[in-house]
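Here the structure is laid out as structure tokens; the discussion comes afterwards.
Numbering (UniProt numbering), first residue to last: 1 to 333.
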């Protein structure tokens with residue numbers, strides 16, 4: 001069911017003045033404001049300005065012009081996600097329901113397991129339970145996204161970037177789990193593997209899948225097609241799951257400087273790692289590119305060189321099972 005959050009996600013951060021922002025229902029950020037006991041985080045930008053984030057029980061919103069906050073908003077996706085830039089820090093706001101993994105915890109996990117992977121620095125994160133959304137402050141990574149600079153890079157650089165990302169995937173996949181799950185045993189967020197949420201569920205509300213052990217996953221996939229035998233993995237491997245060209249930061253020299261957006265990361269079937277680039281539009285290059293599928297194709301080849309196998313047939317079986325679940329749900333309405 002299409003339904004906006006209340007208040008809408010794009011109004012999660014509002015600008016009170018040139019030097020003051022209201023974040024959600026209980027935080028204030030001030031440029032060059034005074035240090036107080038309620039300050040929970042601070043950072044400086046290239047100009048030397050200091051930004052301080054502090055708690056505020058009842059921030060006054062009556063004088064806030066919602067349109068003013070749009071000046072700092074750099075991304076807005078549907079009803080459930082938006083990003084602002086305050087100084088040299090990005091603030092990601094996402095819709096939240098209980099049972100979701102925190103992206104900050106996933107970044108911390110990756111840093112502890114694979115220190116060679118360049119990651120954004122987490123400044124601060126919190127859940128605004130009153131507004132059902134998470135806030136995540138990340139320090140800016142210099143450079144441009146792969147999507148932005150693809151056309152200016154050489155074929156050699158394209159290949160080298162794909163090889164680097166594939167090595168990162170192999171390093172992460174050394175971590176396995178007996179369940180399809182997040183790092184702490186919660187569900188994962190990947191719509192390609194999940195049946196549609198109930199029609200009554202608001203569109204802004206995330207719909208995690210799992211955690212599911214092999215037997216539970218078999219029951220999930222076979223409940224609408226009991227005679228169809230799908231290959232059910234016995235083990236699951238840690239993977240980013242969203243390595244599209246907008247989530248990879250590239251330096252001036254053409255090397256990987258950062259990997260962004262870890263909210264979908266978790267333990268997935270082995271086949272999914274090299275298969276998803278071939279079926280997800282999130283791996284496409286921007287409109288106007290000579291070959292929009294070049295990154296997906298190059299990354300898949302690099303993953304295969306690292307020992308991963310793309311298995312479109314296996315995914316098609318999973319997809320068919322999910323479609324049957326969707327059909328069964330529609331018939332029950």
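Beta carbons are placed, not taken as given, at the ideal position from N, Cα and C, and that holds for glycine.
Since we're looking at a predicted model, the values are computed, not measured.
**Prompt:** Do you know whose CA, among 151, 324, 12, 294, lies nearest residue 128's CA?
**Reply:** 12
**Prompt:** In terms of DSSP beta bridges, what is residue 240 paired with?
**Reply:** The partner list for residue 240 (beta bridge, DSSP) is empty, contrary to what the question assumes.
**Message:** Here's a check: name, in chain order, each residue in its chain whose Cβ is nearer than 7 Å to the Cβ of residue 236, leaving out the five neighbours to either side.
**Reply:** 176, 177, 179, 180, 267, 268, 269
**Under 9 Å between C-beta atoms of residue 146 and residue 246** = yes
**Message:** Tell me which residues share the same chain as residue 63 and place their Cβ nearer than 6 Å to its Cβ, disregarding the 5 neighbours each side in the sequence.
**Reply:** Any answer about residue 63 is weak, because its pLDDT of 49 lies below 50 and its placement is not dependable; what the coordinates show is given next. Here the set comprises nothing.
**Asked** How big is the Cα-Cα spacing for residue 144 and residue 165?
**Response** In a straight line, the C-alpha of residue 144 is about 16 Å away from that of residue 165.
**Request:** Enumerate in chain order the residues of its own chain whose CB-to-CB distance from residue 326 is below 6 Å, with the five nearest sequence positions on each side excluded.
**Result:** 195, 196
**Item:** residue 59 beta carbon less than 9 Å from that of residue 28
**Value:** yes
**Message:** If I measure Cβ to Cβ from residue 185 and keep anything under 8 Å in the same chain, skipping five residues before and after, which residues do I get?
**Reply:** 179, 211
**Under 9 Å between C-beta atoms of residue 31 and residue 87** = yes
**Request:** Excluding the 5 residues preceding and the 5 following residue 242 in the sequence, name in chain order all residues of the same chain whose CB lies nearer than 7 Å to its CB.
**Result:** 261, 264, 282
**Asked** Of all the options 203, 51, 47, which has the alpha carbon lying nearest to the alpha carbon of residue 79?
**Response** 203
**Request:** Have a look at residue 23 and residue 42 and give me their C-alpha separation to the nearest angstrom.
**Result:** Going from the Cα of residue 23 to the Cα of residue 42 covers about 14 Å.
**Request:** Tell me the start and end of each unbroken alpha helix (DSSP H) in the region 124–183 that is at least 4 residues and wholly inside, in chain order.
**Result:** 146–149, 155–172
**Asked** Is residue 232 closer than 9 Å to residue 217 when the C-beta atoms are compared?
**Response** Yes, the pair counts as a contact, with Cβ atoms nearer than the cut-off.
**Request:** Look up residue 342 in the DSSP assignment and give the residues it is bridged to.
**Result:** Residue 342 lies beyond the residue range present for the chain, which begins at 1 and ends at 333; the question has no answer from this structure.
**Message:** Quick test of the definition: if touching needs 3 or more C-beta pairs under 8 Å, does the region 147–160 touch the region 104–124?
**Reply:** Note that the region 147–160 does not touch the region 104–124; fewer than 3 beta-carbon pairs, one per stretch, sit closer than 8 Å.
**Prompt:** When you compare each of 111, 132, 45, 200 to residue 142 by their alpha carbons, which one comes out closest?
**Reply:** Out of 111, 132, 45, 200, 45 has the C-alpha closest to the C-alpha of residue 142.
**Prompt:** Nearest to residue 220 by alpha carbon, out of 158, 320, 244, 132?
**Reply:** Among 158, 320, 244, 132, the Cα nearest to that of residue 220 is on 320.
**Prompt:** Grouping DSSP H, G and I as helix and E and B as strand, with all else coil, what is residue 97?
**Reply:** coil
**Message:** In the DSSP assignment, the alpha helix (DSSP H) including residue 336 goes from what residue to what residue?
**Reply:** Absent from the structure is residue 336, since the part of the chain shown begins at 1 and ends at 333.
**Request:** Determine the burial state of residue 74: buried for a count of at least 16 other Cβ atoms within 10 Å of its Cβ, exposed for fewer.
**Result:** exposed
**Asked** So, helix, strand or coil for residue 63, using DSSP?
**Response** In this prediction, residue 63 has a pLDDT of 49, which is less than 50 and means its spatial position is unreliable; nothing more can be read from the coordinates.
**Asked** Short check: CB of residue 273 to CB of residue 312, under 9 Å?
**Response** no
**Item:** Cα-Cα separation between residue 408 and residue 100, rounded to whole angstroms
**Value:** Limits of the chain in this structure are 1 at one end and 333 at the other, which puts residue 408 out of reach.
**Request:** Please decide whether residue 15 counts as near chain D, where near means a Cβ-Cβ distance under 9 Å.
**Result:** You won't find chain D in this structure, because it holds only one protein chain.
**Message:** Tell me which residue opens and which closes the beta strand (DSSP E) that residue 74 is part of.
**Reply:** 73–77
**Request:** Give the DSSP-derived three-state secondary structure of residue 15 in the structure shown.
**Result:** strand
**Asked** Roughly how many angstroms lie between the CA atoms of residue 249 and residue 158, to the nearest whole one?
**Response** 13 Å
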